[in-house]
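Colleague:
Numbering (the working numbering), first residue to last: 273 to 689.
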(Lines of atoms letter the chains of each structure in order from A and count residues from 1; the text may use other names and numbers.)
(Lines give C-alpha, C1' and ligand atoms only; values in the text may rest on other atoms or scores of the structure.)
Protein backbone atom coordinates (compact mmCIF):
# COMPACT_ATOMS: atom_id res chain seq x y z
CA UNK A 1 0.00 0.00 0.00
CA UNK A 2 1.32 3.42 -0.98
CA UNK A 3 0.50 6.47 1.16
CA UNK A 4 0.76 10.09 0.00
CA UNK A 5 -0.02 13.19 2.07
CA UNK A 6 -0.53 16.50 0.26
CA UNK A 7 -0.08 19.27 2.81
CA UNK A 8 -0.94 22.82 1.77
CA UNK A 9 0.59 24.94 4.51
CA UNK A 10 -1.88 27.47 5.93
CA UNK A 11 -4.49 26.52 3.31
CA UNK A 12 -7.50 26.79 5.65
CA UNK A 13 -9.05 30.22 6.18
CA UNK A 14 -12.18 32.16 7.10
CA UNK A 15 -14.94 33.47 4.80
CA UNK A 16 -14.13 36.76 3.09
CA UNK A 17 -16.52 39.36 1.73
CA UNK A 18 -14.31 39.79 -1.32
CA UNK A 19 -14.80 36.09 -2.14
CA UNK A 20 -18.58 36.21 -1.73
CA UNK A 21 -18.43 35.08 1.90
CA UNK A 22 -16.36 32.07 0.87
CA UNK A 23 -12.95 30.87 2.00
CA UNK A 24 -10.11 30.44 -0.51
CA UNK A 25 -10.71 26.67 -0.41
CA UNK A 26 -14.37 27.26 -1.27
CA UNK A 27 -13.50 29.71 -4.05
CA UNK A 28 -10.74 27.66 -5.66
CA UNK A 29 -11.31 25.35 -8.64
CA UNK A 30 -9.83 22.13 -7.27
CA UNK A 31 -11.49 19.05 -8.80
CA UNK A 32 -8.96 16.58 -7.40
CA UNK A 33 -9.27 17.72 -3.79
CA UNK A 34 -13.05 17.72 -4.15
CA UNK A 35 -12.99 14.21 -5.60
CA UNK A 36 -10.92 12.96 -2.65
CA UNK A 37 -13.60 14.38 -0.32
CA UNK A 38 -16.59 13.15 -2.36
CA UNK A 39 -15.30 9.62 -2.94
CA UNK A 40 -13.49 9.06 0.34
CA UNK A 41 -13.66 10.25 3.91
CA UNK A 42 -13.61 13.84 5.09
CA UNK A 43 -13.66 15.54 8.45
CA UNK A 44 -11.90 17.96 10.75
CA UNK A 45 -8.72 17.52 12.78
CA UNK A 46 -7.11 19.62 15.50
CA UNK A 47 -3.43 19.66 14.58
CA UNK A 48 -2.32 22.15 17.26
CA UNK A 49 -2.97 20.92 20.81
CA UNK A 50 -4.74 23.30 23.15
CA UNK A 51 -2.25 25.53 24.91
CA UNK A 52 0.50 25.33 22.29
CA UNK A 53 1.30 28.14 19.88
CA UNK A 54 -0.19 27.58 16.42
CA UNK A 55 2.76 27.18 14.11
CA UNK A 56 3.95 25.04 11.24
CA UNK A 57 6.30 23.34 13.72
CA UNK A 58 3.72 21.97 16.15
CA UNK A 59 1.13 21.39 13.41
CA UNK A 60 3.39 19.47 11.00
CA UNK A 61 4.76 17.48 13.91
CA UNK A 62 1.18 16.38 14.66
CA UNK A 63 0.44 15.47 11.06
CA UNK A 64 3.67 13.44 10.96
CA UNK A 65 2.36 11.39 13.87
CA UNK A 66 4.11 12.90 16.90
CA UNK A 67 2.38 14.45 19.91
CA UNK A 68 3.93 17.94 20.20
CA UNK A 69 3.22 17.94 23.93
CA UNK A 70 5.77 15.11 24.25
CA UNK A 71 8.30 15.81 21.50
CA UNK A 72 8.31 19.52 20.71
CA UNK A 73 11.48 21.29 21.84
CA UNK A 74 11.27 24.39 19.64
CA UNK A 75 11.11 25.34 15.99
CA UNK A 76 14.65 26.38 15.21
CA UNK A 77 16.42 23.12 16.13
CA UNK A 78 14.43 21.40 13.38
CA UNK A 79 15.59 24.02 10.89
CA UNK A 80 19.16 23.68 12.10
CA UNK A 81 19.07 19.92 11.50
CA UNK A 82 17.88 20.49 7.93
CA UNK A 83 20.70 23.00 7.41
CA UNK A 84 23.25 20.44 8.70
CA UNK A 85 24.19 22.76 11.56
CA UNK A 86 25.93 20.79 14.30
CA UNK A 87 24.20 21.00 17.69
CA UNK A 88 25.57 19.60 20.92
CA UNK A 89 23.48 18.76 23.97
CA UNK A 90 22.46 22.00 25.63
CA UNK A 91 23.00 24.17 22.56
CA UNK A 92 20.06 26.41 21.74
CA UNK A 93 18.96 27.21 18.20
CA UNK A 94 17.04 30.34 17.24
CA UNK A 95 15.39 31.37 13.98
CA UNK A 96 16.82 34.61 12.63
CA UNK A 97 14.65 36.39 10.08
CA UNK A 98 15.97 39.14 7.85
CA UNK A 99 13.10 41.61 8.18
CA UNK A 100 12.09 45.05 6.99
CA UNK A 101 11.44 47.58 9.74
CA UNK A 102 10.13 51.06 9.06
CA UNK A 103 12.94 53.60 8.82
CA UNK A 104 11.14 56.84 9.58
CA UNK A 105 8.24 58.13 11.63
CA UNK A 106 5.17 60.16 10.63
CA UNK A 107 7.27 63.31 10.29
CA UNK A 108 9.88 61.58 8.07
CA UNK A 109 12.35 61.75 10.97
CA UNK A 110 14.23 58.65 12.01
CA UNK A 111 12.28 56.36 14.38
CA UNK A 112 13.46 55.17 17.75
CA UNK A 113 13.98 51.42 17.51
CA UNK A 114 11.00 50.58 19.75
CA UNK A 115 8.70 52.68 17.55
CA UNK A 116 9.56 50.99 14.29
CA UNK A 117 6.86 49.04 12.45
CA UNK A 118 7.23 45.44 11.31
CA UNK A 119 6.75 46.09 7.59
CA UNK A 120 7.78 42.72 6.15
CA UNK A 121 8.85 39.55 7.96
CA UNK A 122 10.56 38.26 4.76
CA UNK A 123 12.11 41.40 3.18
CA UNK A 124 10.17 40.74 -0.02
CA UNK A 125 11.30 37.11 0.17
CA UNK A 126 14.92 38.08 -0.25
CA UNK A 127 17.01 35.74 -2.38
CA UNK A 128 19.31 33.27 -0.63
CA UNK A 129 22.48 34.64 -2.23
CA UNK A 130 21.79 38.21 -1.09
CA UNK A 131 20.75 36.95 2.33
CA UNK A 132 23.97 34.98 2.76
CA UNK A 133 25.99 38.15 2.25
CA UNK A 134 23.98 39.91 4.95
CA UNK A 135 24.33 37.01 7.40
CA UNK A 136 28.10 37.06 6.78
CA UNK A 137 28.08 40.72 7.84
CA UNK A 138 25.94 39.89 10.89
CA UNK A 139 28.54 37.32 11.92
CA UNK A 140 31.36 39.82 11.56
CA UNK A 141 29.59 42.04 14.07
CA UNK A 142 28.27 39.47 16.56
CA UNK A 143 29.82 36.00 16.25
CA UNK A 144 32.07 34.79 19.07
CA UNK A 145 32.88 31.57 20.93
CA UNK A 146 29.26 31.24 22.07
CA UNK A 147 27.17 32.67 19.21
CA UNK A 148 27.16 32.05 15.48
CA UNK A 149 24.67 32.74 12.67
CA UNK A 150 24.18 30.29 9.80
CA UNK A 151 22.67 31.26 6.43
CA UNK A 152 19.58 29.40 5.26
CA UNK A 153 17.07 29.91 2.47
CA UNK A 154 15.61 33.32 1.60
CA UNK A 155 14.83 35.20 4.83
CA UNK A 156 15.09 32.13 7.12
CA UNK A 157 18.39 31.76 9.01
CA UNK A 158 19.71 30.18 12.19
CA UNK A 159 21.54 31.34 15.31
CA UNK A 160 23.24 28.80 17.59
CA UNK A 161 23.98 29.84 21.17
CA UNK A 162 26.21 27.24 22.83
CA UNK A 163 24.77 26.22 26.19
CA UNK A 164 22.36 29.13 25.84
CA UNK A 165 19.15 29.98 27.72
CA UNK A 166 15.68 28.97 26.50
CA UNK A 167 13.26 30.65 28.88
CA UNK A 168 13.00 34.06 27.23
CA UNK A 169 9.80 35.22 25.53
CA UNK A 170 10.27 35.75 21.78
CA UNK A 171 7.65 36.68 19.18
CA UNK A 172 7.43 35.47 15.54
CA UNK A 173 7.68 38.49 13.22
CA UNK A 174 4.81 37.29 11.00
CA UNK A 175 2.53 37.66 14.05
CA UNK A 176 3.11 41.42 14.33
CA UNK A 177 2.93 42.72 10.77
CA UNK A 178 2.00 46.44 10.56
CA UNK A 179 2.48 46.86 14.35
CA UNK A 180 5.10 48.81 16.32
CA UNK A 181 7.64 46.31 17.59
CA UNK A 182 8.16 47.80 21.07
CA UNK A 183 5.64 45.53 22.82
CA UNK A 184 7.08 42.39 21.22
CA UNK A 185 10.79 42.65 21.89
CA UNK A 186 12.69 39.80 23.64
CA UNK A 187 12.19 39.55 27.37
CA UNK A 188 13.18 37.17 30.14
CA UNK A 189 16.44 35.45 31.16
CA UNK A 190 19.15 35.92 28.55
CA UNK A 191 17.00 38.13 26.34
CA UNK A 192 19.20 41.17 26.77
CA UNK A 193 21.93 39.80 24.53
CA UNK A 194 19.47 38.99 21.75
CA UNK A 195 17.84 42.40 22.05
CA UNK A 196 21.20 44.16 21.86
CA UNK A 197 21.97 42.40 18.57
CA UNK A 198 18.55 43.12 17.13
CA UNK A 199 18.80 46.80 18.05
CA UNK A 200 22.29 47.14 16.61
CA UNK A 201 21.59 45.35 13.33
CA UNK A 202 19.92 48.28 11.49
CA UNK A 203 23.06 50.37 12.06
CA UNK A 204 25.06 48.28 9.60
CA UNK A 205 22.38 46.52 7.54
CA UNK A 206 20.36 49.55 6.41
CA UNK A 207 23.12 50.87 4.12
CA UNK A 208 24.66 47.54 3.20
CA UNK A 209 25.35 47.31 -0.57
CA UNK A 210 22.78 44.51 -0.83
CA UNK A 211 20.08 46.78 0.54
CA UNK A 212 21.14 49.78 -1.55
CA UNK A 213 20.68 47.57 -4.61
CA UNK A 214 17.33 46.30 -3.34
CA UNK A 215 15.99 49.82 -2.90
CA UNK A 216 17.02 50.64 -6.46
CA UNK A 217 14.96 47.63 -7.59
CA UNK A 218 12.03 48.89 -5.45
CA UNK A 219 12.30 45.92 -3.10
CA UNK A 220 12.05 46.02 0.68
CA UNK A 221 15.49 46.19 2.30
CA UNK A 222 16.50 43.51 4.78
CA UNK A 223 17.43 46.20 7.27
CA UNK A 224 17.26 44.28 10.56
CA UNK A 225 17.45 40.85 12.12
CA UNK A 226 14.62 39.40 14.22
CA UNK A 227 15.38 36.46 16.54
CA UNK A 228 12.74 33.98 17.76
CA UNK A 229 11.73 30.29 17.91
CA UNK A 230 14.31 29.01 20.39
CA UNK A 231 14.78 25.35 21.27
CA UNK A 232 17.11 22.43 21.90
CA UNK A 233 17.79 19.39 19.72
CA UNK A 234 14.75 17.05 19.61
CA UNK A 235 14.68 13.25 19.83
CA UNK A 236 11.92 11.67 17.69
CA UNK A 237 11.24 7.94 17.33
CA UNK A 238 11.83 6.64 13.81
CA UNK A 239 8.56 6.42 11.86
CA UNK A 240 9.64 3.23 10.12
CA UNK A 241 9.88 1.42 13.47
CA UNK A 242 6.24 2.10 14.33
CA UNK A 243 4.51 2.19 10.95
CA UNK A 244 6.79 0.17 8.69
CA UNK A 245 7.09 3.16 6.36
CA UNK A 246 9.89 3.81 3.93
CA UNK A 247 9.19 7.48 3.53
CA UNK A 248 10.24 10.66 1.80
CA UNK A 249 9.61 14.33 2.60
CA UNK A 250 9.38 16.85 -0.25
CA UNK A 251 9.53 20.45 0.95
CA UNK A 252 11.41 23.69 0.36
CA UNK A 253 11.13 24.65 4.04
CA UNK A 254 13.93 23.74 6.45
CA UNK A 255 11.47 23.23 9.31
CA UNK A 256 9.60 20.44 7.52
CA UNK A 257 12.78 18.96 6.07
CA UNK A 258 14.27 18.87 9.57
CA UNK A 259 11.18 17.13 10.92
CA UNK A 260 11.52 14.54 8.18
CA UNK A 261 15.17 13.93 8.97
CA UNK A 262 14.41 13.56 12.69
CA UNK A 263 11.67 11.06 11.80
CA UNK A 264 14.09 8.95 9.79
CA UNK A 265 12.66 9.94 6.41
CA UNK A 266 14.51 10.65 3.20
CA UNK A 267 14.51 14.31 2.10
CA UNK A 268 14.48 15.28 -1.58
CA UNK A 269 15.82 18.49 -3.10
CA UNK A 270 13.61 19.83 -5.90
CA UNK A 271 15.21 22.39 -8.23
CA UNK A 272 13.24 25.64 -8.18
CA UNK A 273 11.38 24.83 -4.94
CA UNK A 274 11.13 28.22 -3.23
CA UNK A 275 8.57 28.08 -0.42
CA UNK A 276 6.31 30.62 -2.16
CA UNK A 277 3.82 30.73 -5.03
CA UNK A 278 6.65 30.73 -7.57
CA UNK A 279 7.78 27.29 -6.44
CA UNK A 280 8.24 24.35 -8.80
CA UNK A 281 4.86 22.66 -8.31
CA UNK A 282 5.36 20.20 -11.16
CA UNK A 283 8.85 19.39 -9.94
CA UNK A 284 7.47 18.40 -6.53
CA UNK A 285 4.98 16.08 -8.21
CA UNK A 286 7.70 14.49 -10.32
CA UNK A 287 9.92 14.04 -7.27
CA UNK A 288 7.05 12.23 -5.52
CA UNK A 289 6.51 9.98 -8.55
CA UNK A 290 10.23 9.21 -8.73
CA UNK A 291 10.31 8.28 -5.04
CA UNK A 292 7.25 6.04 -5.39
CA UNK A 293 8.79 4.40 -8.44
CA UNK A 294 11.94 3.50 -6.51
CA UNK A 295 9.90 1.74 -3.82
CA UNK A 296 9.05 4.33 -1.17
CA UNK A 297 5.61 3.69 0.32
CA UNK A 298 5.07 7.01 2.12
CA UNK A 299 5.44 10.50 0.64
CA UNK A 300 4.87 13.75 2.53
CA UNK A 301 4.55 16.62 0.04
CA UNK A 302 4.60 19.98 1.77
CA UNK A 303 3.78 23.20 -0.11
CA UNK A 304 4.39 26.50 1.68
CA UNK A 305 2.73 28.79 -0.87
CA UNK A 306 -0.78 29.18 0.67
CA UNK A 307 0.75 30.12 4.03
CA UNK A 308 3.01 32.78 2.51
CA UNK A 309 0.03 34.23 0.63
CA UNK A 310 -1.97 34.31 3.86
CA UNK A 311 0.78 36.19 5.69
CA UNK A 312 1.06 38.66 2.81
CA UNK A 313 -2.73 39.14 2.55
CA UNK A 314 -2.66 38.08 -1.13
CA UNK A 315 -6.20 36.82 -1.66
CA UNK A 316 -5.98 35.98 -5.36
CA UNK A 317 -2.61 34.29 -4.96
CA UNK A 318 -3.86 32.15 -2.09
CA UNK A 319 -6.74 30.88 -4.22
CA UNK A 320 -4.36 30.34 -7.13
CA UNK A 321 -1.84 28.46 -4.98
CA UNK A 322 -4.56 26.00 -3.97
CA UNK A 323 -5.50 25.50 -7.60
CA UNK A 324 -1.86 24.90 -8.56
CA UNK A 325 -1.45 22.28 -5.82
CA UNK A 326 -4.57 20.55 -7.10
CA UNK A 327 -3.69 20.60 -10.79
CA UNK A 328 0.09 20.39 -10.84
CA UNK A 329 0.79 18.16 -7.82
CA UNK A 330 -2.23 16.07 -6.79
CA UNK A 331 -3.43 15.27 -10.31
CA UNK A 332 -0.19 13.85 -11.77
CA UNK A 333 0.66 11.89 -8.59
CA UNK A 334 -2.86 10.45 -8.48
CA UNK A 335 -2.71 9.54 -12.17
CA UNK A 336 0.59 7.73 -11.61
CA UNK A 337 -0.71 5.76 -8.61
CA UNK A 338 -3.89 4.74 -10.42
CA UNK A 339 -1.94 3.63 -13.48
CA UNK A 340 0.32 1.54 -11.26
CA UNK A 341 -2.65 0.05 -9.43
CA UNK A 342 -4.20 -1.09 -12.69
CA UNK A 343 -0.89 -2.61 -13.77
CA UNK A 344 0.23 -4.22 -10.50
CA UNK A 345 -2.81 -4.35 -8.22
CA UNK A 346 -1.11 -2.28 -5.51
CA UNK A 347 -3.56 -0.05 -3.68
CA UNK A 348 -2.86 3.42 -2.39
CA UNK A 349 -4.20 6.08 -0.05
CA UNK A 350 -4.21 9.85 -0.50
CA UNK A 351 -4.79 12.55 2.10
CA UNK A 352 -5.04 16.30 1.66
CA UNK A 353 -5.03 18.86 4.47
CA UNK A 354 -3.41 22.04 5.79
CA UNK A 355 -1.26 22.06 8.87
CA UNK A 356 -3.11 25.06 10.36
CA UNK A 357 -5.23 27.97 9.13
CA UNK A 358 -3.54 31.21 8.07
CA UNK A 359 -6.50 33.56 7.71
CA UNK A 360 -5.98 36.38 5.24
CA UNK A 361 -7.87 38.71 7.57
CA UNK A 362 -5.37 38.07 10.39
CA UNK A 363 -2.17 37.46 8.39
CA UNK A 364 -1.01 34.92 10.97
CA UNK A 365 -1.73 31.38 12.15
CA UNK A 366 -4.60 30.14 14.29
CA UNK A 367 -5.03 26.84 16.11
CA UNK A 368 -8.53 26.10 14.77
CA UNK A 369 -9.27 22.57 13.51
CA UNK A 370 -8.58 22.09 9.79
CA UNK A 371 -10.36 20.07 7.09
CA UNK A 372 -8.86 16.81 5.91
CA UNK A 373 -9.94 14.35 3.24
CA UNK A 374 -8.68 10.84 2.60
CA UNK A 375 -9.18 8.57 -0.44
CA UNK A 376 -8.48 4.83 -0.48
CA UNK A 377 -8.26 3.01 -3.79
CA UNK A 378 -9.66 -0.07 -2.00
CA UNK A 379 -12.52 2.06 -0.62
CA UNK A 380 -11.56 1.09 2.93
CA UNK A 381 -13.06 4.18 4.54
CA UNK A 382 -16.10 6.13 3.37
CA UNK A 383 -17.62 9.24 4.93
CA UNK A 384 -17.82 11.67 2.03
CA UNK A 385 -18.25 15.44 1.97
CA UNK A 386 -19.84 17.49 -0.78
CA UNK A 387 -16.49 19.19 -1.44
CA UNK A 388 -13.13 19.75 0.15
CA UNK A 389 -13.44 22.90 2.22
CA UNK A 390 -13.87 24.00 5.82
CA UNK A 391 -17.68 23.98 5.82
CA UNK A 392 -18.31 20.76 3.90
CA UNK A 393 -15.75 18.76 5.91
CA UNK A 394 -17.19 20.02 9.20
CA UNK A 395 -20.58 18.54 8.27
CA UNK A 396 -19.51 14.88 8.08
CA UNK A 397 -19.38 14.31 11.83
CA UNK A 398 -15.82 12.97 11.65
CA UNK A 399 -13.65 14.91 14.08
CA UNK A 400 -10.20 13.95 15.32
CA UNK A 401 -9.28 15.94 18.40
CA UNK A 402 -5.72 14.64 18.73
CA UNK A 403 -3.97 15.48 15.48
CA UNK A 404 -1.02 13.15 16.07
CA UNK A 405 -3.45 10.20 15.76
CA UNK A 406 -4.20 11.11 12.15
CA UNK A 407 -1.21 9.29 10.67
CA UNK A 408 -1.95 6.08 12.56
CA UNK A 409 -5.51 6.09 11.28
CA UNK A 410 -4.35 6.94 7.77
CA UNK A 411 -1.76 4.15 7.64
CA UNK A 412 -2.85 1.45 10.09
CA UNK A 413 -6.32 1.45 11.59
CA UNK A 414 -8.58 3.41 9.26
CA UNK A 415 -11.04 6.09 10.27
CA UNK A 416 -14.18 4.13 11.02
CA UNK A 417 -14.92 3.57 14.70
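The beta carbon of each residue, even a glycine, is placed where N, CA and C say it ideally should be.
What is the rounded straight-line gap between the Cα of residue 459 and the Cα of residue 301?
Modeller: The alpha-carbon atoms of residue 459 and residue 301 are separated by roughly 45 Å.
Colleague: Report the partner residues of residue 572 according to the DSSP bridge assignment.
Modeller: Per DSSP, 277 and 521.
Colleague: Using three-state DSSP, classify residue 452 as helix, strand or coil.
Modeller: Correct three-state label for residue 452: strand.
Colleague: What are the boundary residues of the beta strand (DSSP E) that residue 372 is part of?
Modeller: Its beta strand (DSSP E) spans residues 364–373.
Colleague: Could you give the first and the last residue of the continuous beta strand (DSSP E) run that contains residue 502?
Modeller: Residues 496–503.
Colleague: Please confirm if the segment 568–582 is in contact with the segment 509–520, defined as three or more CB-CB distances below 8 Å between the two stretches.
Modeller: With the cut-off at 8 Å, the segment 568–582 and the segment 509–520 touch.
Colleague: Given 8 Å as the limit, is there contact between the segment 386–398 and the segment 493–503, that is, 3 or more CB pairs closer than that?
Modeller: Cβ pair count under 8 Å is three or more, so yes.
Colleague: Between residue 619 and the rest of its own chain, which residues show a CB-CB distance below 8 Å, the 5 nearest in sequence each way excluded?
Modeller: Closer than 8 Å at Cβ, skipping near neighbours: 273, 274, 613, 648, 649 and 650.
Colleague: Locate the beta strand (DSSP E) running through residue 391, then write down its first and last residues.
Modeller: 390–392 is the extent of the beta strand (DSSP E) around residue 391.
Colleague: Can you give me the C-alpha to C-alpha distance between residue 484 and residue 371, rounded to a whole angstrom?
Modeller: Going by the C-alpha atoms only, they are around 15 Å apart.
Colleague: Measure the CB-CB distance between residue 333 and residue 531 and report whether it falls below 8 Å.
Modeller: Against a cut-off of 8 Å, the Cβ pair of residue 531 and residue 333 comes out as a contact.
Colleague: Hey, how far is the Cα of residue 476 from the Cα of residue 390?
Modeller: Approximately 18 Å, taken between the alpha carbons.
Colleague: Quick one: any contact between the segment 319–339 and the segment 397–412, if contact means 3 or more CB pairs under 8 Å?
Modeller: Verdict: no, contact absent.
Colleague: Can you have a look at residue 616 and say buried or exposed, based on whether 16 or more other CB atoms are within 10 angstroms of its CB?
Modeller: When all chains shown are included, residue 616 counts as exposed.
Colleague: From this set, 481, 438, 482 and 446, which residue's C-alpha is nearest residue 464's C-alpha?
Modeller: Closest by alpha carbon: 438.
Colleague: Quick test of the definition: if touching needs 3 or more C-beta pairs under 8 Å, does the segment 341–356 touch the segment 503–510?
Modeller: With the cut-off at 8 Å, the segment 341–356 and the segment 503–510 touch.
Colleague: Of all the alpha helix (DSSP H) runs that stay within the bounds of the segment 337–364, which reach a length of 4 or more residues?
Modeller: Complete alpha helix (DSSP H) runs here, min 4: 340–343 and 348–354.
Colleague: Please classify residue 551: does DSSP put it in a helix, a strand, or coil?
Modeller: Of the three classes helix, strand and coil, the one that applies to residue 551 here is coil, per DSSP.
Colleague: Exposed or buried, what is residue 669 when buried is set at 16 or more other beta-carbons lying within 10 Å of its beta-carbon?
Modeller: Exposed, since its Cβ has fewer than 16 Cβ neighbours within 10 Å.
Colleague: According to DSSP, which residues form a beta bridge with residue 432?
Modeller: According to DSSP, residue 432 bridges with 365 and 420.
Colleague: Is the segment 583–593 touching the segment 530–544, taking contact as three or more C-beta pairs under 8 Å?
Modeller: Segments in contact, no.
Colleague: My assumption, with CB atoms under 8 Å, is that residue 604 sits in contact with residue 593. Please give the rounded CB distance.
Modeller: In fact, because the Cβ distance is near 17 Å, the residues do not count as touching under 8 Å.
Colleague: Rounding to the nearest angstrom, what Cα-Cα distance links residue 661 and residue 643 in this structure?
Modeller: Spanning the two alpha carbons is a distance of roughly 6 Å.
Colleague: In whole angstroms, what separates the C-alpha of residue 513 from that of residue 536?
Modeller: Straight-line Cα distance between these residues: approximately 9 Å.
Colleague: According to DSSP, is residue 534 part of a helix, a strand, or is it coil?
Modeller: Correct three-state label for residue 534: helix.
Colleague: I need the straight-line Cα distance from residue 360 to residue 434, nearest angstrom please.
Modeller: Cα to Cα, the separation comes out at about 8 Å.
Colleague: Let me make sure I understand the geometry here. Which of 486, 559 and 548 has the alpha-carbon closest to that of residue 522?
Modeller: Ranking the options by Cα distance to residue 522, first place goes to 559.
Colleague: Smallest Cα separation from residue 424: which of 449, 356, 480 and 599?
Modeller: Cα-wise, what sits closest to residue 424 is 356.
Colleague: For residue 675, count neighbouring Cβ atoms within 10 angstroms of its own Cβ and tell me buried if that reaches 16, exposed if not.
Modeller: Classification for residue 675: buried.
Colleague: When you compare only the Cα positions, how much space is there between residue 327 and residue 637?
Modeller: Roughly 6 Å between the two C-alpha positions.
Colleague: So, at 8 Å on beta carbons, what are the nonlocal neighbours of residue 307 in its own chain, with the 5 sequence-adjacent residues on each side left out?
Modeller: Taken in chain order, the residues that qualify are 647.
Colleague: On the DSSP letters alone, give me the boundaries of the beta strand (DSSP E) that residue 647 sits inside.
Modeller: Residue 647 -> beta strand (DSSP E) spans 642–648.
Colleague: Short check: CB of residue 555 to CB of residue 524, under 8 Å?
Modeller: Cβ distance not < 8 Å, so residue 555 and residue 524 don't count as in contact.
Colleague: What is the rounded straight-line gap between the Cα of residue 565 and the Cα of residue 538?
Modeller: Whole-angstrom Cα-Cα distance: 14 Å.
Colleague: Rounded C-beta distance between residue 641 and residue 316? I'm assuming under 8 Å.
Modeller: Going by Cβ atoms, the distance from residue 641 to residue 316 rounds to 4 Å, so yes, they are a contact pair.
Colleague: Which residues bound the beta strand (DSSP E) around residue 664?
Modeller: Element bounds for residue 664: not the beta strand (DSSP E) but the alpha helix (DSSP H), 662–666.
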